Amino acid sequence: MKNRKFANKFLKRNIMKIAVIGAGKWGSALFDALSVKNECVITSRTPRQIPHFVSVSEALECEALVFALAAQQTAQWLDQNFTYKNQKILVASKGIDAASGRFLNEIFESHVARGNLAYLSGPSFATEVMQKLPCALVVSSCNENLAELFASTFPAYIKTYTSGDIIGAEVCGAYKNVIAIASGVCDGLELGNNARASLIARGIVEIARFGKFFGARDETFLGLSGVGDLFLTASSALSRNYRVGLGLARGKGLEEILRELGEVAEGVATTEAVVNIATKHKIYAPIATEVAQILRGKDVKASLKDLLRKK
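Residue 0 is where the sequence shown starts when you use numbering that gives the first Met the number 0, and the numbers rise one by one after that.
This is the structure in structure tokens:
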């Protein structure tokens with residue numbers, strides 16, 4: 000991973016016409032941040048009465064698109080709405096499509112040339128980004144120039160790095176939500192700080208085992224996309240996936256938890272996708288397996304005992 004470099008040709012075009020696709024909390028936070036240095040519009044699946052909201056067709060005319068749709072809705076949205084016009088695309092969603100088992104990069108590459116695709120990862124709660132609190136993010140792409148170009152569009156309070164490890168960023172961004180649910184269960188059962196730290200540490204080992212099967216690089220797991228995002232998501236009530244775990248540990252049903260959240264918790268669907276992929280390829284995934292069992296109704300204390308018996 001490299002710190003952002005500003006080549007002269009990029010300095011000359013530091014203003015882009017960007018459309019953010021998805022007007023939820025994360026999409027709105029990205030719109031707010033990117034608007035500092037660029038001309039931005041925003042759109043979503045349903046019309047919103049917010050400034051700079053445009054139709055999907057108008058958004059697709061922009062030279063750059065930032066996708067902040069829920070991972071489980073992305074494939075269908077692209078199939079139904081997307082027209083490729085050589086746009087530069089930054090994918091800011093995180094997750095694995097449960098219906099097909101595809102990573103988001105596989106979904107986007109069926110619509111867009113690889114060289115026009117980049118992926119955003121790293122520790123970033125939408126609420127804090129909206130407050131303009133400092134954070135650091137990674138832009139990953141097979142096209143180094145594109146990664147640097149997108150990195151240059153962010154404001155000063157967001158420090159950006161670039162990387163070529165797309166699959167590593169994809170796996171970390173998706174899998175950390177699964178571990179966050181487990182961490183919420185841990186804290187909901189009041190097992191203590193030692194237990195949570197142990198779970199998170201074993202979680203990054205599990206994520207790395209899974210990611211390296213698909214060719215991810217070691218340094219990604221130790222960076223912002225890996226441990227950085229995992230530590231954040233698995234240790235704060237600002238995380239929707241962590242709150243899912245808290246609710247499960249306190250005896251609430253999954254439907255009730257999701258209804259109370261009122262937002263998408265990507266880890267719920269991603270857990271099933273991870274377990275299906277791990278089973279298919281015989282990848283050892285004990286934490287994800289137990290989270291899947293809990294989401295299907297297994298008693299959280301029984302799941303904890305079973306997890307402690309595993310290596």
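Where a beta carbon is used, it is the ideal one built from N, C-alpha and C, also for glycine. A quick note: this is a predicted structure, and the numbers were derived from the prediction, not measured.
Annotated three-state conformation of A112 is coil, per DSSP. Put simply, the segment 274-286 touches the segment 209-217. At least three CB pairs are less than 8 Å apart.
Residue environment analysis places L306 among the buried positions, since at least 16 neighbouring C-beta atoms fall within 10 angstroms of its C-beta. In this structure, the CA atom of S54 is about 42 Å from the CA atom of E289. Shown here for L198: same chain residues with a beta carbon closer than 8 Å to its own, the five before and five after excluded, namely I178, A181, S182, C185, A233 and I286 in chain order. For A125, the closest of S140, A91, I95 and R113 by C-alpha to C-alpha distance is A91. In terms of CA proximity to R242, E259 leads the group E259, V226 and D228.
Between G121 and A67, the gap from beta carbon to beta carbon reaches 8 Å or more. In this structure, Y174 is the residue among Y174, V128 and D298 with its C-alpha nearest to the C-alpha of N240. In this structure, V138 lies away from A155, with their beta-carbon atoms at least 8 Å apart.
Annotated as distal: S99 and A168, with beta-carbon spacing of 8 Å or more.
In the structure shown, the three-state DSSP call for T161 is strand. Membership of K211 in the alpha helix (DSSP H) is indicated by the continuous run N192 to F212. In the displayed model, L64 falls within a strand according to three-state DSSP.
Secondary structure note for I41: its beta strand (DSSP E) is the uninterrupted segment E38 to T42.
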